[in-house]
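Here is the structure we will look at.
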Amino acid sequence: MSATSITIHFTLNGEHVSAEIEPHHTILEVLRQQFALYGARESCGQGLCGCCTVIVNGESVSGCLYLAAMADGGEVTTVEHLDASGELDVVQRAFIECGAFQCGFCTSGFILMSRQLLDRNPDPTEAEIRHFLSGNLCRCAAYPEIIEAVKLAARMRRSEGAVPA
1 MSATSITIHF TLNGEHVSAE IEPHHTILEV LRQQFALYGA RESCGQGLCG CCTVIVNGES
61 VSGCLYLAAM ADGGEVTTVE HLDASGELDV VQRAFIECGA FQCGFCTSGF ILMSRQLLDR
121 NPDPTEAEIR HFLSGNLCRC AAYPEIIEAV KLAARMRRSE GAVPA
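FYI, UniProt numbering numbers position 49 of the sequence shown as 49, with every residue one higher than the one before it.
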């Protein structure tokens, strides 16, 4: 690292970590390069597609734009944490059951956003789902399956008595 590098400390998927970064590094770069977490992907590089979505302090962010220094002292959650208990999250299971992906490049962003939606609104309408996920793009056009997966995940959460994390 250079003379301008700094050390940040944050909670990553429930674990306290630190990272040596340059001020221009994004959280996506840090997650991929220093922690080998590859679920979030850079696609557009402009925060327009949702492929790089991660959760910082409870809010979804575009990891390709969010400076890593801003995560100092915060909490970062990636798609890799959803099955930390060894079981897939209900949203992940619903996406599999509905075939809500084709190439899978955008899937982690859709899953994190869908989970955040269901944490906030356990029974969203189709219009609410479409609106909430409107910042995520699927180049394979799996949108009907994604909408069905979110509806299924909502039903599964209710039937399993799942409590938002």
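Every residue gets a Cβ at the ideal spot worked out from N, C-alpha and C, and that includes glycine. Note that the structure is predicted; figures quoted are calculated from it, not measured.
Query: Thinking just about the alpha-carbon of each residue, which of 116, 65, 43, 87 is nearest to the one in residue 77?; Result: 116
Query: Determine the DSSP secondary structure at residue 175, reduced to helix, strand or coil.; Result: Since the first residue of the chain shown is 1 and the last is 165, residue 175 is not available in this structure.
Query: Do residue 40 and residue 49 come within 8 Å of each other at the CB atom, strictly closer than that value?; Result: no
Query: Would a C-beta distance cut-off of 8 Å place residue 110 and residue 136 closer than the cut-off?; Result: yes
Query: Which parts of the UniProt domain "2Fe-2S ferredoxin-type" (6-82) are runs of the beta strand (DSSP E), unbroken and 3 residues or longer, counting only runs that do not cross its ends?; Result: 6-12, 15-21, 53-56, 59-62, 75-77
Query: Just to confirm before moving on: does the CB-CB distance between residue 132 and residue 113 stay below 8 Å?; Result: yes
Query: If you draw a straight line from the C-alpha of residue 4 to the C-alpha of residue 147, how long is it?; Result: 45 Å
Query: I'd like to know whether the C-beta atoms of residue 68 and residue 27 end up nearer to each other than 8 Å.; Result: yes
Query: Pull up the distance between the alpha-carbon of residue 20 and that of residue 7, whole angstroms please.; Result: 4 Å
Query: Between residue 165 and the rest of its own chain, which residues show a CB-CB distance below 8 Å, the 5 nearest in sequence each way excluded?; Result: Because residue 165 carries a pLDDT of 46, less than 50, the predicted location of this residue cannot be relied on, and the following value inherits that uncertainty. Answer for residue 165: 119, listed in chain order.
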